[in-house]
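See below for the structure under consideration.
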Amino acid sequence: MQEGRTLKADNTLIQTLQRLIENKKAQLILALILVLLAIRLYFPATAPPDAQLVKASVSGNTQPNAAIVARQQYQESLEGQLESVLGQIKGAGQVTVMLTLASSNDVEIASSTQQTSRTTEDKDPSGASKVSQEETLSSQPVMARNTSGDSVVKLKELTPEIRGVVVVASGANDPKMQASLTQAVQTILSLPAHRVRVFPGK
Numbered sequence: 009m010q011e012g013r014t015l016k017a018d019n020t021l022i023q024t025l026q027r028l029i030e031n032k033k034a035q036l037i038l039a040l041i042l043v044l045l046a047i048r049l050y051f052p053a054t055a056p057p058d059a060q061l062v063k064a065s066v067s068g069n070t071q072p073n074a075a076i077v078a079r080q081q082y083q084e085s086l087e088g089q090l091e092s093v094l095g096q097i098k099g100a101g102q103v104t105v106m107l108t109l110a111s112s113n114d115v116e117i118a119s120s121t122q123q124t125s126r127t128t129e130d131k132d133p134s135g136a137s138k139v140s141q142e143e144t145l146s147s148q149p150v151m152a153r154n155t156s157g158d159s160v161v162k163l164k165e166l167t168p169e170i171r172g173v174v175v176v177a178s179g180a181n182d183p184k185m186q187a188s189l190t191q192a193v194q195t196i197l198s199l200p201a202h203r204v205r206v207f208p209g210k
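Just so we're aligned, residue 9 is where the sequence shown starts under my numbering, counting upward by one.
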């Protein structure tokens, strides 16, 4: 009796699956579910980082973060100054500026240079002498000790190079205004024209 119920349930399940497979909408839904499952299996959810890694990143040197913050502040300051100046040009209207900076700052570090020279004199059997001189030049960065450990002494850090500027101005529908804004940015930042783009805003 129980076998009959199981067989009937199996037949009902098979018939339901066959009807779903024949239905076009059901086929699409089934295909979508299979694709989502495949994606889920192929790209598993990222596991939370190991506590030890988190601890290491917190206790590590924060100097790169400080450099990123300084770079971002420099970029925002320049953008703000440009927006202020360009917004004062008659007919420019509301101005928004975005800068693109080079990926890194140029840093000149202090180095300790040591030069050594060695002279050797060789005599051959005929009595003639041959003098050879060897010079070695070695350079190492100068390190300074501070609370976060040893760090390289920087002599000079140049601001990152400006790669390009985009200006969006509500008054830039006029080609003359676009030219004026482009020339203003070129003059302020000493950039060639191909690195400056001006677009009309809303």
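Where is the CB? At the ideal position from N, CA and C, for every residue including glycine.
Values in this document were obtained by computation on a predicted structure and should not be read as measured data.
Reduced DSSP secondary structure (H/G/I, E/B, other) of residue i
i, result
"Val77", "helix"
"Ser178", "coil"
"Ser92", "helix"
"Thr108", "strand"
"Gln194", "helix"
"Ala152", "strand"
"Leu145", "strand"
"Ser85", "helix"
"Lys138", "strand"
"Gln123", "strand"
"Glu169", "coil"
"Ile41", "helix"
"Leu163", "strand"
"Ile97", "coil"
Neighbourhood of residue i by C-beta, 6 Å cutoff - its chain only, sequence neighbours within 5 removed
i, result
"Val105", "Glu87, Leu90, Glu91, Val175"
"Ile196", "none"
"Glu143", "Ser125"
"Gln186", "Ala180, Val206"
"Gln96", "none"
Beta carbon of residue i nearer than 7 Å to that of residue j
i, j, result
"Leu189", "Val161", "no"
Proximal residues to residue i (C-beta, below 8 Å), its chain only, five neighbours per side dropped
i, result
"Ala152", "Asp158, Ser159, Val160, Val161"
"Leu94", "Ala100, Val103, Val105, Val175, Ala177, Leu189, Ala192, Val193"
"Val150", "Ile117, Ala118, Ser119, Ser120, Val160, Val161"
"Pro200", "Gln194"
"Asp182", "Gly99"
Rounded C-alpha distance that separates residue i from residue j
i, j, result
"Ser178", "Pro208", "5 Å"
"Asp132", "Gln141", "17 Å"
"Lys32", "Ala39", "10 Å"
"Lys138", "Ser125", "17 Å"
"Lys210", "Ile37", "42 Å"
"Thr128", "Ser134", "18 Å"
"Leu49", "Gln26", "27 Å"
"Asn19", "Leu45", "27 Å"
"Ile76", "Ser111", "10 Å"
"Thr24", "Leu42", "18 Å"
"Ser198", "Leu166", "16 Å"
"Asp130", "Gln148", "33 Å"
Nonlocal neighbours in the same chain, by C-beta distance under 7 Å from residue i, ignoring five residues either side
i, result
"Gln122", "Ser146"
"Leu107", "Gln83, Leu86, Glu87, Ile170, Val173"
Residue-level contact to chain D via CB, residue i, 7 Å cutoff
i, result
"Ser159", "No chain D is part of this structure, which consists of one protein chain only."
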